[in-house]
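All remarks here apply to the structure that follows.
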Amino acid sequence: MKDRIEGKAYVLGDSIDTDQIIPAAHLVYSMTEPEERRMYGRYACSGVPNDQAGLPEGGMPLTDPEAWTSDFRIVIAGSNFGCGSSREHAPFALQEAGIEAVVATSYARIFYRNAVDGGFLVPFESRERLIDQIRTGDDVVIDVPAGTLTHVSSGEVFLLNPLGDVADILRAGNVFEYARQAGFIS
Amino acid sequence: MGQTITQKILAQHAGRDRVAPGDNIWVDVDTLMTHDVCGPPTIGIFQREFGEDANVWDPDKLVILPDHYIFTEDPHARRNIDILRDFAAKHQLKHYFDVGTARYKGVCHVALAEEGFNRPGTVLFGTDSHSCTSGAFGMFSTGVGNTDAALIMGTGKIWVKVPETMRFVFEGTLPPWLMAKDLILSVIGDIGFEGGTYRALEFDGEAVFDLSMEERMTLTNMAIEAGGKNGIIAADQKTVDYVEARTDMPYELVTSDADARYIFEKVYDVSTMEPVVAKPHRPDNKASVSEVAGIKLDRAYIGSCTGGKFEDFLAAARILEGNRVQVDTFVVPASTEVSKQLREQTLGGKTLWQVFVDAGCKMGHASCGACLGGPVDTFGRTHGTEVVISTTNRNFPGRMGSKQSAVYLASPLTVAASALHGEITDPRTVLV
Ligand code: SF4
C-alpha cells in the first residue's frame, strides 16, 4: 500500500452493486492471461446506468470503450458500495482499469473483504458524503498515514476512517503474505 | 453472557470456548464450495500461491458445482468448465458434478442441500454470495471471493470477524397466500439493504419452524440482500430428518443461549402480513402487492436458488393449473432433482411439468438461467426494456441482462398470479 494515492476522481452514487461494476456477461474472461484480463479494465463499471456514470453530469464511462485502462485513479462513491454478487472480478476489474482506491461512506462486506484480501485496491471510508462535493475529473490526493483526502482545486481536506485491522493485510500486499508473515500458514 | 448459535459454531471451529462479536479469528472450514464462474480464477490463485502441483487441503471437503453458464455456446464459458474438469481429475475430487453427465446437479446452493453437504453445526464457505443459504440447516455459511477461497483450498483455514446477530422472530400461522419470500422481502424492506451488513441474521419463531427446509432456505438465501454475513436457523427434527436421509456424515445441533445478546430484534406476526414485492432496482424497495397491482408486465420468471425449488413450482402450479399465462413465462428449475420431481409429481392428474407446458410456459434446463443475465444466449435473459416479475433474489440494474429492463421480485404465488393477468396481481384474488 502506498502512502500517497493521487489522481483524477470518478464519482458514483449509492448502492453500486457488483453487477454494475462488472456485468455478468463479462465474467468469462481469464483473470490471468495478459491479453484477456485487459477486458476487465475495458468493461469496469460498464453496467452503471449512463446517467449515473461519472457524477454529477453522468454519461462518462470509467474506461473509454476503445481503451483498456482508465484516466481516473480514485472512485468516490456513496453508501453500500459493492453490494450484491460476491464476484472478486469487481475489485479486480477496477484495479485493471487503474483504480487504486475507492472512497465510499460504506461498503458491502464481501467487496470490502475481496479488495483487501486480494490486495486489489484500498477501500477507504469517508466520514462525510463526498459525492456532492467532488466532481468527476477533479484531482484528489489521499494521504494514507494521515487518513485524509484533499480536494486539490478547493484545498478542502476530508477525514477518512482509520483502516483498522485490515491495514496489516493491505500493508503485507494480500492475505497470503499476511498469513505467512503472521505464521498462520507456511 | 450467552452466545448466539453463530458465535458458538465459530468458536468451536476456532478451537475456543467462546468468541465475542468483533473478534478476528481463524476458523477450520468443513466444506468449500465453488462453481464455474469463480472456480477457475480460484484455482488460478491457488496454483500461484501454493504451486502448480500443490495438493488441495482435503479433496473430500471441496465441492465443485458448475451451474451458472451451462447452456450457452459462449466459448469462454465453456473453457471454464474444462478448467474445472481438469482440476477435478488431477485432484481426484469425489464431489465434482460435471456438466453433460448424470452427475450434473444445477444451482449450487440447492444441490448442496440435496446432496447432504449441509449439516448442522458445520462451517461452509462458498465463492458465491448466496452461500448464506446453507444457514437454513443450523450451520455457519457465507460467501467469499476467489482469494479467500484459494487460501481455504490450500490450508482449510480462513479469518473471520465474528458478527453481531440480529434476530427476527416470526410468530403465528402463515396464511396460504404468503410464502417465505414475502417474509424475507419484508425484512429486507424494513432494515434496508445494508441494514444487516457485517451481521448474522437469525430467524426464529413458530412460523419459521413450521416452514419446510426448502422454504427456510428462501429466508437464509436472501440474508445477503440485507448485507448480512450469514443467515441462520437452528436445526430441528425436520432438519435432522432431511439431513439423515442424505448423508452419514456427522453433524451437531447447536442453539443460541437464552441469554445470548442480539444487537437488534424484531417480532413479526405472520398472520397479519401481506404479499409484497421489491420494486426495481433494489431488493429493499418494498411495496405490498396491492399497492403495485395493475402494473403491466412483459415477462414472468420462476427460477433460481431462491425461487426455483420444488415447492416454489408447486405453489406456482396451483395457480397456473388449467389456465393460460398472458405474458412470456420462463420456468427454470434450480436443479436436476427439481426437474425430475416436476416430471414425476402430479397436480390435478397431470405432472407439474405438463401443467406449466399447458399453461403456455417456456421450460428451461436446470441452472442459474437468467437470474444473473449471463451470456447473450442465456434462456430468459432480458435484452431490452422488459418489465419482469421474478422469483429471483436481485433486481439491480442489468442483473437479468439488460440495463433498461425493470425487475420486480416476488413470491412464486405472486409471480404466477401476475403471469395469468399480464399485470402485477395479488395472489389472494386468484387463490380459491
Ligand atoms: S440462481 Fe441466481 S442467485 Fe442463485 S446462485 Fe445462481 S446466479 Fe446466483
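Each protein sequence line maps, in turn, to chains A and B. Under this note's numbering, the first residue of the first sequence is numbered 347, with each subsequent residue one higher. Under this note's numbering, the first residue of the second sequence is numbered 583, with each subsequent residue one higher. Heads up, the beta-carbon is just placed ideally off N, CA and C, and yes, glycines get one too. What you are looking at is a predicted structure, and each value in this text was computed from that prediction instead of being measured.
- A distance criterion of 7 Å places the beta-carbon of Val689 of chain B in contact range of the ligand SF4, judged by its closest non-hydrogen atom.
- Annotation for Asp485 of chain A indicates a beta carbon at 7 Å or more from all heavy atoms of the ligand SF4.
- For the segment 769-802 of chain B, the residues whose beta carbon sits under 7 Å from a beta carbon of chain A are, in order, Phe775, Glu776, Thr779 and Tyr780.
- Thr494 of chain A counts as exposed, since fewer than 16 other C-beta atoms from the protein chains shown sit within 10 angstroms of its C-beta.
- Relative to the ligand SF4, the beta carbon of Asn975 of chain B is positioned inside 7 Å of a heavy atom.
- With a cut-off of 7 Å, the C-beta of Asp710 of chain B is classified as near the ligand SF4, since at least one heavy atom of the ligand falls inside that distance.
- Distance between Lys672 of chain B and Gly736 of chain B, taken at the CA atoms: about 15 Å.
- Not a single heavy atom of the ligand SF4 lies less than 7 Å from the C-beta of Asp618 of chain B.
- With a minimum length of 4 residues, the unbroken runs of alpha helix (DSSP H) contained wholly in the segment 609-677 of chain B fall at 621-632 and 657-672.
- The beta carbon of Asp764 of chain B sits closer than 7 Å to the beta carbons of Met855, Pro857, Val858 and Ser993 from its chain, once the five residues preceding and following it are set aside; these are given in chain order.
- In the displayed model, Arg383 of chain A falls within a helix according to three-state DSSP.
- When the beta-carbon positions are compared, Val1012 of chain B and Ile845 of chain B stay at least 8 Å from each other.
- Contact with chain A is absent for Gly946 of chain B, since none of that chain's Cβ atoms lies less than 8 Å from the residue's Cβ.
- Counting the other Cβ atoms within 10 Å of the Cβ of Thr755 of chain B gives fewer than 16, which makes it exposed.
- For Pro469 of chain A, the secondary structure class from DSSP, reduced to helix, strand or coil, is strand.
- Put simply, of A:Val468, A:Arg455, A:Thr496 and A:Gln366 the residue whose alpha carbon is nearest the alpha carbon of Val742 of chain B is A:Arg455.
- Contacts with chain A at 8 Å (Cβ-Cβ) include Ala659 of chain B.
- Contact check for Ile646 of chain B and Gly621 of chain B: beta-carbon distance about 6 Å, within the 8 Å limit, so the pair qualifies.
- When DSSP states are grouped into helix, strand and coil, Arg526 of chain A belongs to the helix group.
- Under the DSSP assignment, Asn460 of chain A falls in the alpha helix (DSSP H) whose first and last residues are Arg455 to Asp463.
- Comparing alpha carbon positions, the residue from B:Thr802, B:Asn803, B:Ala816 and B:Met804 closest to Glu788 of chain B is B:Ala816.
- Of all residues in the segment 364-390 of chain A, only Asp365, Gln366, Pro369, Ala370, Ala371, Leu373, Val374, Tyr375, Met377 and Thr378 come within less than 7 Å of chain B when Cβ atoms are compared, listed by chain position.
- DSSP, reduced to helix, strand and coil, places Phe775 of chain B outside both helices and strands of the structure shown, so it counts as coil.
- For Asp489 of chain A, no alpha helix (DSSP H) segment is defined; the enclosing uninterrupted segment is the beta strand (DSSP E) at Asp485 to Asp489.
- In this structure, Val503 of chain A lies away from Ser472 of chain A, with their beta-carbon atoms at least 8 Å apart.
- In the structure shown, the three-state DSSP call for Leu1002 of chain B is helix.
- Taking 8 Å as the cut-off, the Cβ atoms of Phe892 of chain B and Ile884 of chain B do not count as close.
- In the three-state scheme derived from DSSP, where H, G and I count as helix and E and B as strand, Ala492 of chain A is classed as coil.
- The beta carbon of Asp649 of chain B sits closer than 7 Å to at least one heavy atom of the ligand SF4.
- Ile845 of chain B sits in coil when the DSSP states are folded into three classes, being neither helix nor strand.
- Between the C-alpha atoms of Ile422 of chain A and Phe632 of chain B there is a straight-line separation of about 35 Å.
- Sorting A:Val468, A:Ser532 and A:Pro402 by C-alpha distance to the C-alpha of Tyr453 of chain A places A:Val468 at the top.
- One finds Glu776, Thr779 and Gly809 in chain B with Cβ atoms closer than 8 Å to the Cβ of Ala454 of chain A, taken in chain order.
- For the segment 700-712 of chain B, the set of residues with a beta-carbon nearer than 7 Å to any beta-carbon of chain A comprises Thr709, Asp710 and Ser711, in chain order.
- Among the residues of the segment 489-515 of chain A, those with a Cβ less than 8 Å away from any Cβ of chain B are Asp511, in the order of the chain.
- Around the C-beta of Lys643 of chain B, 16 or more other C-beta atoms lie within 10 Å, and the residue is accordingly described as buried.
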